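Our numbering numbers the first residue of the sequence shown as 32 and each following residue consecutively. We treat Cβ as the ideally placed atom computed from N, Cα and C, and that holds for glycine. Note that this is a predicted model, so its numbers are computed, not measured.
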Amino acid sequence: MKILVVGSGGREHALCWAVKRSPLCDRLYCAPGNAGIAQVAECVPLAANDVAGITAFARAQNIDFAIVGPEEPLVLGLADSLREAGIPTFGPSAAAAALEGSKGFMKDAVARFGVPTAAYGRFTDVAAAKEFVARQGAPIVVKTDGLAAGKGVTICQTVEEAFAAIDEAMVGRRFGDAGTELVIEEFLDGEEASFFAICDGVRAVALAGAQDHKRAYDGDQGPNTGGMGTYSPAPVLTPALEARIMEEMVLPTVRGMAAEGKPFIGVLFAGIMVVAGPDGQPVPKLLEYNVRFGDPECQVLMRRLKSDLVPLLLAAANGDVSGQQPQWHDEAALCVVMAAEGYPGDYAKGTRIGNLDSAAVVDGVEIFHAGTKEGADGTILANGGRVLGVTAIAPRVADARTRAYEAVDRIDWKEGFCRRDIAWRAMARGL
């Protein structure tokens, strides 16, 4: 098959790495790709959100299967456009992608579907939003309704912080149109995790869980980011909790979206908060849905996936995952994200990264590029906020962590930084 992956991040590098290993893949393209992806795929200079350009390319090249990585092109209707061109595509329609494109749509939908989630309100008026916060009290969570590259969520410890977050989004327009409407919701106190399922429009098959680290700095300090590192499996997601997530969240959502004429085809990424129930036992609640693989979670999932990725995603695109049973390596996988100094705020591009070959030979390590480009002299240059995903696999989380940080320490990139405490919860559990 001739396969096209759309996107340029660590998620897409991990997907290309997995797709390339499939005996079904004869030729692999990525639009637009990055310097790391160029080592496994033919990069096409088309922006991921160029719906018309990517569709024309796929038609001209007789692409047999397309996999859309990022959320923005999905919300813009790339999957619809590719399907209309007769190309089997893994990724939801624009109508179904609203589960991520609009947090208000998502909250209203899961309320209709009976999915357990935090209490919330939707607001387009500053005064009404502040009145809701004053009535509810703090801590409380302020979210932009639209896409904000993983940075549109503010956890506010005081009412004053929430007022400032409202002003920042709606008056200061820090997030542009994404903050024109806000979702303000109850703060859930517990342990956060990520869970993934592959959906064919009417059915779903579970993948695995992971645990991300959203704050920029050690000790869960600093601003929220798109993710600074992750590991899988996530010990907080026991088999019993994963079964509940499928039965109480994923399947009702897939069935509900189908019933409303917006069948969901793709990967449904459930952000979960595990809270203590009335009897003290752990209970999963839905924080949000994303309509694509998480980044960096995708990197650890692809490292752990033992079975062939392509038949699984193709089955979803073709409308029947009923015979699919993903197989997993027993080992744990861990990813440390290396980011440009200043991220998630302003950061410099074009800084040189050296010694990647030395880092890549550490046992069990794969380095996925999230924001890189090749310089004129062949050197690797930073070209984004999150730049590298240093991913390791080992029998235990602690061993994978040791390997990942050994590789990190071999990389010569003075303008980069990373968290040094990825998987601290697993370390506290002795894993």
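Problem set entry | Rounded C-alpha distance that separates Phe448 from Glu115 | 43 Å
Problem set entry | Ala196 vs Thr185 beta-carbon contact at 8 Å | Between Ala196 and Thr185, the C-beta spacing is below 8 Å.
Problem set entry | Per-residue DSSP class, three states only, for Cys187 | Cys187 falls in the strand class under three-state DSSP.
Exercise. Would you call the stretch 228-243 and the stretch 204-215 touching, i.e. three or more CB-CB distances under 8 Å?
Worked result: no
Exercise. Between the stretch 287-299 and the stretch 257-276, do at least 3 Cβ pairs fall closer than 8 Å?
Worked result: no
Exercise. Nearest to Ile424 by alpha carbon, out of Val393, Gly415 and Arg450?
Worked result: For Ile424, the nearest C-alpha among the options comes from Val393.
Exercise. Taking DSSP as the reference, what is the three-state secondary structure of Val314?
Worked result: strand
Exercise. At what residues does the beta strand (DSSP E) containing Gly152 begin and finish?
Worked result: Tyr151 to Phe154
Problem set entry | 8 Å CB neighbourhood of Tyr262 in its chain, flanking five on each side removed | Contacts found: Ala241, Gln242, Val331, Ala363, Ala364, Leu365, Cys366, Val428, Ala431, Arg432, Ile453, Ala454 and Ala457.
Exercise. Once you ignore the five residues that flank Leu225 on each side, which residues in its own chain have a CB closer than 8 Å to its CB?
Worked result: The amino acid at residue 225 is misidentified as Leu; the sequence shows Ser. Gly240, Ala241, Gln242, Asp243, Thr261, Ala265, Phe300, Ala301, Gly302, Ile303, Gly325 and Glu328.
Problem set entry | Ala379 in three-state terms, based on DSSP | coil
Exercise. By DSSP, does Phe194 sit in helix, in strand, or in coil?
Worked result: helix
Exercise. When the distance is taken between beta carbons, is Gly406 closer than 8 Å to Leu412?
Worked result: yes
Exercise. What does Cys61 pair with, by DSSP beta-bridge criteria?
Worked result: Val36 and Cys74
Exercise. Hey, Phe399 and Gly41 are a contact pair by Cβ (cut 8 Å); roughly how many whole angstroms apart?
Worked result: 4 Å
Exercise. What first and last residue would you give for the beta strand (DSSP E) that runs through Gln356?
Worked result: Per DSSP, Gln356 belongs to no beta strand (DSSP E) and is neither H nor E.
Exercise. Can you list, in chain order, the residues of its chain whose CB lies under 7 Å from that of Pro76, leaving out five sequence neighbours each side?
Worked result: Cβ-Cβ distances below 7 Å link Pro76 to Pro63 in the same chain, with the five nearest sequence neighbours on each side left out; the list follows chain order.
Exercise. Across which residues does DSSP place Met304 in a beta bridge pair?
Worked result: According to the DSSP secondary-structure assignment, Met304 is paired through a beta bridge with Glu223 and Lys316.
Exercise. According to the neighbour-count rule (16 or more other Cβ atoms, all chains shown, within 10 Å of its Cβ), is Ser112 buried or exposed?
Worked result: buried
Exercise. Do the stretch 336-346 and the stretch 285-294 make contact, defined as three or more Cβ pairs closer than 8 Å?
Worked result: Per the Cβ contact rule, the stretch 336-346 is not in contact with the stretch 285-294 (fewer than 3 Cβ pairs under 8 Å).
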